[in-house]
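Chains as they are written, first to last, in the numbering used here: chain Y, 511 to 852; chain A, 511 to 852; chain D, 511 to 852.
The beta-carbon is built from N, C-alpha and C at its ideal position, and this holds for glycine as well.
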Amino acid sequence: MNLGDIAEKIGGKVIGDASLEITDVRHIESAEEGHLTFLTGKKFLDKLKQSKASAVLVDSEQEVEISQVITPGPMLAFARLLDQFHPQSRPKPGIHPSVILGENVVLGKRVTLSALVCVGDNVQIDDDTVVYPSAVIGSDCSLGKNTVIHSNVTLYNNSVIGNHVILHAGVVVGADGFGYTLDEKGRHVKINQIGNVVIEDNVEVGANSCIDRAAMGTTLIKEGTKIDNLVQVAHNCTIGEHSILVAQVGIAGSCELGHHVVLAGQAGVSDHVKVGDQVTVVSKSAVLRDLEGHSAYGGIPAVPLNIWKRSITVLPKLPDLARKIRDLESRLNDIEKKKSEE
Amino acid sequence: MNLGDIAEKIGGKVIGDASLEITDVRHIESAEEGHLTFLTGKKFLDKLKQSKASAVLVDSEQEVEISQVITPGPMLAFARLLDQFHPQSRPKPGIHPSVILGENVVLGKRVTLSALVCVGDNVQIDDDTVVYPSAVIGSDCSLGKNTVIHSNVTLYNNSVIGNHVILHAGVVVGADGFGYTLDEKGRHVKINQIGNVVIEDNVEVGANSCIDRAAMGTTLIKEGTKIDNLVQVAHNCTIGEHSILVAQVGIAGSCELGHHVVLAGQAGVSDHVKVGDQVTVVSKSAVLRDLEGHSAYGGIPAVPLNIWKRSITVLPKLPDLARKIRDLESRLNDIEKKKSEE
Amino acid sequence: MNLGDIAEKIGGKVIGDASLEITDVRHIESAEEGHLTFLTGKKFLDKLKQSKASAVLVDSEQEVEISQVITPGPMLAFARLLDQFHPQSRPKPGIHPSVILGENVVLGKRVTLSALVCVGDNVQIDDDTVVYPSAVIGSDCSLGKNTVIHSNVTLYNNSVIGNHVILHAGVVVGADGFGYTLDEKGRHVKINQIGNVVIEDNVEVGANSCIDRAAMGTTLIKEGTKIDNLVQVAHNCTIGEHSILVAQVGIAGSCELGHHVVLAGQAGVSDHVKVGDQVTVVSKSAVLRDLEGHSAYGGIPAVPLNIWKRSITVLPKLPDLARKIRDLESRLNDIEKKKSEE
Chain Y
511 MNLGDIAEKI GGKVIGDASL EITDVRHIES AEEGHLTFLT GKKFLDKLKQ
561 SKASAVLVDS EQEVEISQVI TPGPMLAFAR LLDQFHPQSR PKPGIHPSVI
611 LGENVVLGKR VTLSALVCVG DNVQIDDDTV VYPSAVIGSD CSLGKNTVIH
661 SNVTLYNNSV IGNHVILHAG VVVGADGFGY TLDEKGRHVK INQIGNVVIE
711 DNVEVGANSC IDRAAMGTTL IKEGTKIDNL VQVAHNCTIG EHSILVAQVG
761 IAGSCELGHH VVLAGQAGVS DHVKVGDQVT VVSKSAVLRD LEGHSAYGGI
811 PAVPLNIWKR SITVLPKLPD LARKIRDLES RLNDIEKKKS EE
Chain A
511 MNLGDIAEKI GGKVIGDASL EITDVRHIES AEEGHLTFLT GKKFLDKLKQ
561 SKASAVLVDS EQEVEISQVI TPGPMLAFAR LLDQFHPQSR PKPGIHPSVI
611 LGENVVLGKR VTLSALVCVG DNVQIDDDTV VYPSAVIGSD CSLGKNTVIH
661 SNVTLYNNSV IGNHVILHAG VVVGADGFGY TLDEKGRHVK INQIGNVVIE
711 DNVEVGANSC IDRAAMGTTL IKEGTKIDNL VQVAHNCTIG EHSILVAQVG
761 IAGSCELGHH VVLAGQAGVS DHVKVGDQVT VVSKSAVLRD LEGHSAYGGI
811 PAVPLNIWKR SITVLPKLPD LARKIRDLES RLNDIEKKKS EE
Chain D
511 MNLGDIAEKI GGKVIGDASL EITDVRHIES AEEGHLTFLT GKKFLDKLKQ
561 SKASAVLVDS EQEVEISQVI TPGPMLAFAR LLDQFHPQSR PKPGIHPSVI
611 LGENVVLGKR VTLSALVCVG DNVQIDDDTV VYPSAVIGSD CSLGKNTVIH
661 SNVTLYNNSV IGNHVILHAG VVVGADGFGY TLDEKGRHVK INQIGNVVIE
711 DNVEVGANSC IDRAAMGTTL IKEGTKIDNL VQVAHNCTIG EHSILVAQVG
761 IAGSCELGHH VVLAGQAGVS DHVKVGDQVT VVSKSAVLRD LEGHSAYGGI
811 PAVPLNIWKR SITVLPKLPD LARKIRDLES RLNDIEKKKS EE
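Okay, structure coming up:
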């Protein structure tokens, strides 16, 4: 493909040499001659000028010597071109002879069940879905079209997985929620968890993350949400559409998150908390109360982000402040003493 | 079952219609006609009044129109009834032909070894225990009666698992503790971890949690303790009876926790720390020193909970306080200056 | 072996009875008669005096009644002796009949592939390497010599694992990094992750930890680094040589850690951060900015450790300080009021 073809494909405009042959797409640092890269912000302009790339995707014309393609979303265009230049390989369709199939399993077209996959009874797996080696699909599960289940994933019974979903290795969907009540002798009695998990279309879940089944009803991950590695989603949560849960986030039971929520790494949310649409919570924060939408928060406990940012600048100065207060007290004591002596 | 039968079974007293047919037990929000629900605190009374439930378990008579069963522990009664109305299904006993058995494996009665389970040498598995697909039981392990090992669990060699234990998918028991010492050239030399893990009766461990083997001796999880998902228990820890470790808690090496300890989500405990009986630590806290029993703690580092609660209310006001101190200083300077001029 | 033999082996000097027969090596608490233990610091001297050990490894002569071996590194000597007295058992070399092998797999000498292991195409596994049951090795991977892959590990395609590496159960190497960009409709579009993971020699990775493949290029774990359980290393990170990542640490994308870095439990590092050589970060800390080497840090956000230590002593006193400020204000108001009335 030459640069003109690429511009046409992504709906962009060439400034420079449209006949330039593009052999790969790359990040600024690793691009070589013949490669197309992308720019996402003026601060990388210096890096771009040092890059060996032959062309660049930009959102507005830049003063650079290489050819440019102007497009409103350079990174989005890059992501799509990456898919073209490096199409994801998929194992061939078919059922490996070592697969263990339960009764009444219904498979769509071009399904791949890799070696040592185990599928329970009454499972439905739709067209083009791929299950990698050693994954376990419990009974009464359903998987949509074009979904990918990686190795060593466990789906407990009754899990419902949508279309174009990716579950990375070691993910556990539908383990029992953490629910107990004390008996007369102070022992924890298990409350049977009879609900399930539903994961909607276009969700991706990172390696070794866990999404517990509901106590009753459904733990729900809505369309387009992306979950990173080692994330915990407890029973009866609803995670809204197109949200982002970064690695090691933990969400306690019965929370409701809106759409386009972003929880940064290692953040936590207490049980029964509602988080509004388009909320961002910075890393390490603890959300203990409901948060209104369209706003950013931080801290333990989480407060509006600007407040948290100002307060953390004071933290290292606390010993100084404490000393100053002691000093002020002593000076004020002196003044008051003199007053009373007057 | 009618309401009278239920009351008799749980030792409760009917107020209302004992002949009422009960078709299911449900939470307040999802209960329908014919269902029995439960009330745990006055604050849910409004929800109960809006519920479609036909009857309710309560600890004292309430002013509601539906029938009531009075019992000292409504939630405990509910948990037991749930078990009756929704008995947990178990796979049929038997050894799937794909199971790989080591030498000298001794199986009790009605044991289930599901597809693709791998069992090492010299393993003992007692009556009614179920192992789900693709779990790996190392050599010289023993599993008690009526225990459930879910898919993709790994038990390293020499692990001892009690009766009525549940290990959820992806749990790792007995991996090496994290022990090294530096050599002359600044390289970490592994200290072989030759101990094991013992998990006593009635313990439940959540998905993808890890309990490391002891360096020497035993990492011990005592009876009745419940561990949530993605929890880390390091080598040589002892977790007391009937304790609760919520998701993503991390406990460093050689800690001793008492009985009925509760560590909320994402809390951490430093190595060699002793936590007394019936201690509660709130989420996100860092326990760096021994904690006396029968008390609650919070913060990084953890302090008595009431102190932490008061101090976090001040955190967002720190910039204001710093400004006020500057203001006080300047006013005091003025006064002192005038004094000296007098 | 008698004590003289041991001293010779480790290059130490006996004070006491060189002919003493040593039957095992043990920690101070669990040592019995005939056992050799070690002392690492004066504070354990009392414990040593109460120990039943017959001999002790010390770095300088101690006033104890039992025999001593003086060596500059008692713990290092202990680690090496432990290896002698308790050699780690390894499964016999060979390919279990249940193993699933792809095309063009090249195996070195004395390789062990245990039951239900699955190996993809074009994989190379070098001499003496052991793969435990149910591990999955993706296509185009290479494993060095004398490496150990535990059960239920997943290596995605193109992973490169060095010599003498240990990957504990449930580890996931090479899952997709967490990279998306928004499209015109606010949906997250996946940026294909076309890089890989390289793990150098002598690295150990704890149970259920995750190391993501690079977006492009390589996520790199350098020689001798030790990673504990449930740790997250995101795409495009470089972790320097001989570093220590304690349990539940999370490192966001594109970070560069130097050599001999120590991140204590549950610490986190934001994306694109550089951490200098020999940096120590205490548990629970959040590293949001680059850290200079050869220093220690703590806090959220992380600041130099001595500053953090002083500021956390003030935290519990914040309510008192706030009250004192109000009090000072009121007293100052009084003084100013009187002044103005004069």
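Using a Cβ cut-off of 8 Å, pull out every chain A residue sitting near residue i, in sequence order please.
i: D:Gln560; result: By Cβ distance, chain A contributes nothing, its closest Cβ being about 17 Å from D:Gln560, past 8 Å.
i: Y:Gly778; result: Gln758, Gly775, Gln776, Ser793, Lys794
Does any residue of chain D have a CB that is nearer than 9 Å to the CB of residue i?
i: A:Asn718; result: yes
i: A:Arg799; result: no
i: Y:His804; result: no
i: A:Ala796; result: yes
i: Y:Asn512; result: no
i: Y:His782; result: no
i: A:Ile845; result: yes
i: Y:Lys849; result: yes
i: A:Pro667; result: Looking at the sequence itself, residue 667 of chain A is Asn, so the reference to Pro does not match. It does; some Cβ of chain D falls within 9 Å.
i: Y:Ile676; result: yes
Taking only beta-carbon atoms, is residue i less than 9 Å away from chain Y?
i: D:Leu838; result: yes
i: A:Leu653; result: no
i: D:Ile671; result: no
i: D:Arg841; result: yes
i: A:Leu740; result: yes
Please list, in chain order, the chain D residues whose beta carbon lies closer than 8 Å to that of residue i.
i: A:Thr735; result: Correct list: empty, because the minimum Cβ distance to chain D is about 19 Å.
i: A:Asn662; result: Ser644, Asn662, Gly680
i: A:Lys519; result: Near A:Lys519 there are no residues of chain D at all, since even the closest Cβ is about 42 Å away, more than 8 Å.
i: A:Gly786; result: Simply none; closest approach about 20 Å.
i: A:Ile610; result: His606, Ser608, Ala625, Leu626, Pro643
Please compile the residues from chain A whose C-beta is within a distance smaller than 7 Å of the C-beta of residue i.
i: D:His770; result: Gly696
So which residues of chain Y does residue i contact, with C-beta pairs closer than 9 Å?
i: A:Pro826; result: Gly809, Val813, Pro814, Ile817, Trp818, Arg820, Ser821
Verify the CB distance criterion: does residue i have a CB-CB separation below 9 Å to chain A?
i: Y:Ile605; result: no
i: D:Asp593; result: yes
i: D:Phe554; result: no
i: D:Ser564; result: no
i: D:Ser529; result: no
I believe residue i touches residue j by the beta-carbon criterion, under 8 Å. Please report the beta-carbon distance rounded to the nearest angstrom.
i: D:Ala685; j: Y:Ala645; result: 14 Å between Cβ atoms; not a contact.
i: Y:Gly630; j: Y:Ala587; result: Incorrect: roughly 43 Å between the Cβ atoms, too far for contact.
i: D:Gly604; j: D:Thr622; result: 6 Å
i: Y:Leu546; j: Y:Ile532; result: 5 Å
i: D:Ala744; j: Y:Ala757; result: 7 Å
On the DSSP bridge list, what partners appear for residue i?
i: A:Ala806; result: A:Thr790
i: A:Ser652; result: A:Gln634, A:Val670
i: Y:Glu714; result: Y:Ile676, Y:Lys736
i: A:Gly778; result: A:Gly760, A:Ala796
i: A:Ser577; result: A:Ala565
i: A:Cys720; result: A:Val682, A:Gln742
i: Y:Thr550; result: Paired residue(s): none; Y:Thr550 is not in a bridge.
i: D:Val621; result: Looking at the DSSP assignment, D:Val621 forms no beta bridge with any residue, so it has no partner.
i: Y:Tyr690; result: Y:Lys700
i: Y:Val708; result: Y:Val670, Y:Leu730
i: D:His545; result: D:Asp534
Residues of chain Y with a CB under 8 Å from the CB of residue i: which are they?
i: D:Asn632; result: Neighbours of D:Asn632 on chain Y: none; closest Cβ ~12 Å, over 8 Å.
So which residues on chain D does residue i lean against when the C-beta distance must stay under 9 Å?
i: Y:Gln598; result: Asn702, Ile704
Is the closest heavy atom of the ligand GDP to the C-beta of residue i under 8 Å?
i: A:Gly778; result: As presented, the structure is devoid of all ligands, the ligand GDP included, so that no description of it is given.
Under 7 Å between beta-carbons, which chain D residues line up against residue i? List them in chain order, please.
i: Y:His545; result: Within 7 Å Cβ-Cβ: nothing; Y:His545 doesn't reach chain D, min ~11 Å.
Between the stretch 569-585 of chain A and chain Y, which residues of the former have CB atoms less than 9 Å from a CB of the latter, in chain order? Pro582, Gly583, Met585
Short-range partners of chain A found in the stretch 744-763 of chain Y, where Cβ spacing is below 8 Å: Ala744, Gln758, Gly760, Ala762
Residues of the stretch 616-631 of chain Y in Cβ contact with chain A at a cutoff of 8 Å, in chain order, please. Leu626, Cys628
Closer than 8 Å, Cβ to any Cβ of chain A: which residues of the stretch 682-715 of chain Y, in chain order? Val682, Ala685, Asp686, Phe688, Tyr690, Thr691, Leu692, Asp693, Glu694, Gly696, Arg697, His698, Val699, Lys700, Ile701, Asn702, Ile704
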